[in-house]
Structures are given as structure tokens and as C-alpha cells.
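Numbering (this note's numbering), first residue to last: 19 to 379. Beta carbons: idealized from backbone N, C-alpha and C, even for Gly. Treat the numbers as computed from the prediction; the structure is a model and nothing was measured. Below is one structure; the comments refer to it alone.
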């Protein structure tokens, strides 16, 4: 399969929000094509305070409606500290980083940056994502004439949940609150109702698990209250997606079905459960009228694409490609797939729709 790819941008292209913060990564963007045909990404930007040897600093958002920062200072000797999180003796977690979303404008062809916002455009509040907002997915509801964004909201009291916000112009957002409580991430909503209902793919997980993390399907009449939850797609026993899977992009409607790109994880050494994890991307084709019917799925023998670019091979988390936005090209023949790379960068790939469909065999 012929795939055109590029590292779009890295933390070096952005400035920290405040002097006490430094850039840690820019990744996992939501994306949409604007009425002027250009592309707008909402990129997740992760920042971290300047820590010292004795104090662990946990940043948070503390504004009621405005952008406001505060920090919690904790004794390092009383913390169990890892690269991307820390916890106390009672397993109370704190994060060394905090994430917000920034706008990035891309040209019509999807490969060149027009402008990068150098300050937070969507951020956490005291009652919504005080520990950060992460991993957005954006879609346009044509009949309702509004844009819908799901995002992970990390909070003191509600944990790692998925929230929803709506907008007409990407400048002002109406926050609708939590739609999938902790711990549920990777929520993507189909861009139109199916059989009179909104449909979402999601990936719940918890501390007491009986199966590997997998994809569920849920339904709603109003985008706010979701039910009829069902497990739908599971990791496989062999291949590139054996450890965990999760939804990636907003499904694209094609004549053959709804086309979804997802991430899968395998172990570098399958015999060692503690060995490095390798993220790759595949595709799933859903029936147009029945999203619980899987028409096709990328073969377990080979992913659609792996963490092939330099910024995906090495970063904060090595060997990670994490697709979060798929946007049709202007001629509708190709798809532009935007991904997070190694929790550090954003990459773009262009692939023909027919090539993806033919790859199912």
C-alpha cells in the first residue's frame, strides 16, 4: 500500500503556556475540515513544571471559567514516582504533567502548517478537567449545524472520564459534562444518527478486569445520556493487536460501510508481559445500517501502518502511533490520517480509500 507520510510538528514548534512550565509533548489531535476547505486541528499539548529533588509538583487548572493555574507540592519521599504518574501509599494518583488543547491550522492539502496557536485554546476548569483535558475527537453534525468534541477530562473527583462540548465556531464552547464516567477513553461518535440514535465507540477499563481492554458500542438519543452498552471488538490471540485496542478516528462514511481507524498494541516480547509495548494502526469496516455488524477488519498478520516515522519510534513513549483524526481529501479519493507519535509529536499520512478497502482482502 502506498502511504504518503510526514512528521507535521513537534514540541519545538510551540511555546510553554507559563514560565514555570516546559513542553513535554504535542500529540493526539482532533481534526475537522473547515468551510474554507482548510483543516483545523485541536492538538493535545502536555506541559510539566520544573520539579526539584525533594518536591513533586502536581499542576492543575483552578479557574471557574477563566484560564488559571495552581500547583500541589508533595514530598517526593512519600510518593511512588513513575515517568507519567505518581501515587501515594493509598494509591491516590497525581500527574507530573497537565494537558490542554491548541489550534493548529493546516492547508487544504493537509500537509503544510499555516498557523500554530501559542496559548491554550481549550483548557481544564476547576469542575471540568482540573488535572487536564486530553485526546479530543471532533465531528460536524450537519443536520444540527454544530461541531461536537469529545475529550478526556482528568479530575480530582471524577477521575479519568470522557466529556463532551459543542460549538458553532470553535471559539466558544458549551461544556455538556461527563458522558462516559471513569475509566472510559477513546470515545468516537458516528457523525450522523443511525436508526434514529447517536452511536459511539468507546473503550472502558478498570482495576478489576477479566478481559484485555477492548472496544464497546453505546447509543444515545441526545448525545448526553448513553446506554445499551455492549462489548463489540476484542484484541486477537496473535498478531499486532493482542494486548489492547481502542477506537481512533471519527468513522468515515463510504459506499461500502463506515470506515474506522483504530490502534492496537502488542508486546515486543510476547513471552514477557513487562516487555515494551508497540502501538500500530488498523481499520474496521462497519455496516452502514447496523454498526454492530463488522464487515471487515485489518488482518492480524500486518497492521495498516506502524510507528514507522522517526518521531513515532522514539519519544516520551517509544514505538507509538495513535490515530485520532481522519479527514477526506478534497477529491474524496484519499484520507488524511492524523496521529500522535510516541506521545511527543503529530504525524500525517495520506492513503487512498480504495487501498484501505482492498487491504481487507
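When DSSP states are grouped into helix, strand and coil, residue 114 belongs to the coil group. Between residue 64 and residue 91, the beta carbon gap of about 20 Å keeps them out of contact (Cβ cut-off 8 Å). Per DSSP, the beta-bridge partners of residue 146 are 143.
Residue burial is scored here from C-beta neighbours: residue 226 has fewer than 16 other C-beta atoms within 10 angstroms and is therefore classed as exposed. With a 10 Å radius around the Cβ and a threshold of 16 neighbouring Cβ atoms, residue 249 comes out exposed. Ranked by Cα distance from residue 202, the options 211, 182, 60 are led by 182. In this structure, DSSP gives residue 71 a state outside helix and strand, which the three-state scheme calls coil. Following the DSSP letters along the chain, one finds residue 330 inside the alpha helix (DSSP H) bounded by residues 328-331. With three or more CB-CB distances shorter than 8 Å, the stretch 229-240 counts as touching the stretch 201-218.
Judged by DSSP in its simplified three-state form, residue 58 adopts strand.
In the structure shown, residue 287 falls within a coil segment according to DSSP collapsed to helix, strand and coil.
Bounds of the alpha helix (DSSP H) holding residue 372 are 371-377. The Cβ atoms of residue 119 and residue 149 do not sit closer than 8 Å to each other. Take residue 357, set aside five residues on each side of it, and the residues of its chain with a beta-carbon closer than 6 Å to its own are 339, 340, 341, 365, in chain order. DSSP places residue 96 within a helical segment (H, G or I) once states are collapsed to three.
When the alpha-carbon of residue 325 is set against those of 306, 284, 312, the nearest one is in 284. Ranked by Cα distance from residue 269, the options 301, 289, 291 are led by 301. Scanning the stretch 135-223 for uninterrupted beta strand (DSSP E) segments of 3 residues or longer gives 151-159, 164-173, 177-185, 192-198, 202-207, 216-222, listed from N- to C-terminal end. According to the DSSP assignment, residue 44 belongs to the beta strand (DSSP E) that extends over 39-51.
Note that the C-beta distance between residue 282 and residue 321 is below 8 Å.
Burial check for residue 245: the Cβ neighbour count within 10 Å stays below 16, so the residue is exposed. For the pair residue 319 and residue 257, the CB atoms are nearer than the 8 Å cut-off.
Annotated as distal: residue 132 and residue 211, with beta-carbon spacing of 8 Å or more. In the structure shown, residue 30 adopts helical secondary structure according to DSSP, grouped into three states. In the assembly as shown, residue 168 is a buried residue. Its beta-carbon has 16 or more other beta-carbons within 10 Å. Taking C-beta atoms under 8 Å as the contact rule, residue 27 and residue 121 fail to qualify, at a distance of about 13 Å.
Residue environment for residue 66: buried (at least 16 other C-beta atoms within 10 angstroms of its C-beta).
As computed with DSSP, residue 356 is found in a beta bridge with 343, 366. The three-state secondary structure of residue 252, taken from DSSP, is coil.
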